[in-house]
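**Q** Pasting in a structure now, in structure tokens, and then I'll have a few things to ask.
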Amino acid sequence: MPTDRYQQLTQSAPGGFIAKRLGLPQPTSLRRYEPGQPLLEGPALIGAAPGSRLLPEVEDVLQATGSEYLTGPQGEDQRFAALVYDASGISSTDELTEIYEFFHPVIKRVDRNGRVLVLGTPPEMSATPRQAIAQRALEGFVRSIGKEIGQKGATANLIYAAQDADIESTLRFYLSSKSAFVDAQVTRVGAGKGIAPADWEKPLDGKVALVTGASRGIGASIAETLARDGAHVVLLDIPKQGQDLAKMANEVGGSTLQVDITADDAPKEIVDHLKERHGGVDVFVHNAGITQDKTLGNMDEGKWNAVLAVNLTSQERINAALLEGDVLKPGGRIVTVSSMSGIAGNRGQSNYATTKAGVIGTVDALAPVLAERDATINAVAPGFIETQMTGAMPIGTREAGRRMSSLAQGGLPVDVAETIAWFANPASAGVNGNTVRVCGQNLLGA
Ligand code: NAD
């Protein structure tokens, strides 16, 4: 993995001094998850607007995880690992003053790697237009707070929870260091009770997961993370990657499947394998992807077709086979990997961005179909992630990619993997139809 030398430099005393004097970004080293790590490294401050309904669940999660939390005004020296505010009861724009009153006195006291979480009611499910407007306004607030606290490695996110939504797995994800590089995101959690795992450190015990493109890069990290969470992982890649694939499968105690996902018989081969060896699949992760960059005028048809086939049409055909043959088990999870390019577009990536926007379209189109089976589909949209691919970029593009985000650094493959593991959790039943960017609040795109 490439080293971020600028970040190393700014973490030395003279480097940090110079960066500060010149007003340059000073990226904080992000806290990442290790098994057994406490949810928070200090107390949380929690609060709620009048008429809100989600605070009891926040308290339950903080208690269940042994986290300290405080309510009401605190001494000026008190610092916080998290600020959690339930704004679900805000029903008019006048009441937005409540969020000002809660956050204004304490926002500067968020610790390094701290968390700001705002909980709301989905605007589209609001009782009145006035409520919908006020709830929608929360997005701008959270995204701005993300930009104010990013320098500390701290993040701000918004969860819109439907009535009767079970938000436990989502709270645990956003409060923990598993969401280190997920910043300024808006997640919708629908109604429906998830199945809380017996052990939150092994939520995928007894489950079978398949990851495409798992021999290296982000796919390898997804395989590792799902195996850490207890799943048996089937690692899929093209035959050419057979050696690396076997090595990764050994490392995670999984099994391999060598298939080119664009082959005509790939969906049948995958489905037959999953049925015969495992009786189906609980978690299917479409991670395999390629780039073949050229500006459109210089792009030959081969480049266009190859990228469309690997990144989009293969997924469509495999999803159809998973659903037709009931290979996806009850409570199943499909997760797909989009990209910031699919949201913002990127020069020279018209083929790639088309597929990655199509992946978001897949989530939107299939979420209701999967909901009928108590299953879900969600996407991650990575921003700049430190991999061999980004390591090979020219230095200017690479540096811009790293610094143009609130956290002023690139993410790691594990940041994408942890987000996928949250979607895969049996407790995440209401998390359906979301595209979550894993981009450190990159400045490009919506
Ligand atoms: P990578 O090139 O390191 O890994 C992709 C894997 O997919 C490889 O192992 C490759 O052999 C496999 N693959 C390619 N074509 C295949 C096919 N036809 N059948 C089966 N397997 C195939 O890439 P990565 O950086 O780890 O990216 C993984 C995913 O994340 C991709 O979908 C990519 O578009 C997306 N992504 C990456 C970044 C980033 O910064 N690295 C950013 C946004 C999105």
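Every number in our numbering is 113 more than the matching position in the sequence shown, counting from 1.
Where is the CB? At the ideal position from N, CA and C, for every residue including glycine.
Can you say whether L409 is buried or exposed, counting buried as having 16 or more other CB atoms within 10 angstroms of its CB?
**A** When all chains shown are included, L409 counts as exposed.
**Q** Could you round the C-beta distance between A278 and V302 to whole angstroms and report it? I think they count as a contact, below 8 Å.
**A** Their Cβ separation, rounded to whole angstroms, is 4 Å, which keeps A278 and V302 in contact under 8 Å.
**Q** Return the residue from the list A513, F193, I351, I374 that minimises the CA-CA distance to Y119.
**A** Here the closest residue by C-alpha is A513.
**Q** Beta-carbon separation of L370 and V384 under 8 Å?
**A** Their beta carbons are not under 8 Å apart, which means L370 does not touch V384 by this criterion.
**Q** Taking the alpha-carbon positions, what's the H644 to E382 distance?
**A** With the chain running from 114 to 559 in the structure shown, residue 644 is simply not present.
**Q** Only counting the same chain, and skipping five residues up and downstream in sequence, which positions put a Cβ closer than 7 Å to that of A109?
**A** Given a span of 114 to 559 for the chain in the structure shown, any question on residue 109 remains unanswerable.
**Q** Hey, how far is the Cα of A161 from the Cα of R256?
**A** Cα to Cα, the separation comes out at about 19 Å.
**Q** If you measure from the CB of A401, is any heavy atom of the ligand NAD nearer than 7 Å?
**A** Flag set: Cβ of A401 near the ligand NAD.
**Q** Does the segment 418-433 touch the segment 508-523, meaning 3 or more C-beta pairs lie closer than 8 Å?
**A** Segments in contact, no.
**Q** Any heavy atom of the ligand NAD closer than 7 Å to the Cβ of P495?
**A** Yes, since a heavy atom of the ligand NAD falls inside the 7 Å radius drawn around the Cβ of P495.
**Q** Let me check you understand the geometry: is the CB of L349 closer than 7 Å to at least one non-hydrogen atom of the ligand NAD?
**A** Within the cutoff, so yes.
**Q** Flag Q501 as yes when its Cβ comes closer than 7 Å to any non-hydrogen atom of the ligand NAD, and as no otherwise.
**A** Yes, Cβ of Q501 sits closer than 7 Å to a heavy atom of the ligand NAD.
**Q** Mind listing, in chain order, the continuous beta strand (DSSP E) runs of no fewer than 3 residues lying wholly within the segment 170-222?
**A** DSSP runs (the beta strand (DSSP E)) wholly in the segment 170-222: 182-184, 193-199.
**Q** Report back the beta-carbon spacing between V549 and T300 to the nearest angstrom; my notes put them in contact at under 8 Å.
**A** Indeed, because the Cβ distance is near 6 Å, the residues count as touching under 8 Å.
**Q** Identify which residue in R228, R145, S201, Q121 has its Cα closest to the Cα of G155.
**A** For G155, the nearest C-alpha among the options comes from R228.
**Q** Name the two residues that bound the continuous alpha helix (DSSP H) containing D413.
**A** Here D413 belongs to no alpha helix (DSSP H), and DSSP marks it neither H nor E.
**Q** Is it the case that the CB of I331 approaches a heavy atom of the ligand NAD more closely than 7 Å?
**A** Result yes, Cβ under 7 Å from the ligand NAD.
**Q** Following a CB-centred definition, is I383 positioned closer than 7 Å to any heavy atom of the ligand NAD?
**A** No.
**Q** Would you check if the distance between the CB atom of V197 and the CB atom of L143 is smaller than 8 Å?
**A** Contact flag unset, no.
**Q** As a quick exercise: from H391, E429, A340, N459, pick the residue whose alpha carbon is nearest that of I533.
**A** Ranking H391, E429, A340, N459 by Cα distance to I533 puts A340 first.
**Q** I'd like the span of the beta strand (DSSP E) that includes P443, first residue to last.
**A** Looking at the DSSP string, the run of the beta strand (DSSP E) that includes P443 is 441-450.
**Q** Counting Cβ pairs closer than 8 Å, one from the segment 425-435 and one from the segment 347-367, do we hit at least three?
**A** Output reads no: the segment 347-367 does not touch the segment 425-435.
**Q** Output the distance between the C-alpha atoms of H391 and Y273, rounded to the nearest integer angstrom.
**A** Roughly 36 Å between the two C-alpha positions.
**Q** With H, G and I counted as helix, E and B as strand and the rest as coil, what does DSSP make of V529?
**A** Of the three classes helix, strand and coil, the one that applies to V529 here is helix, per DSSP.
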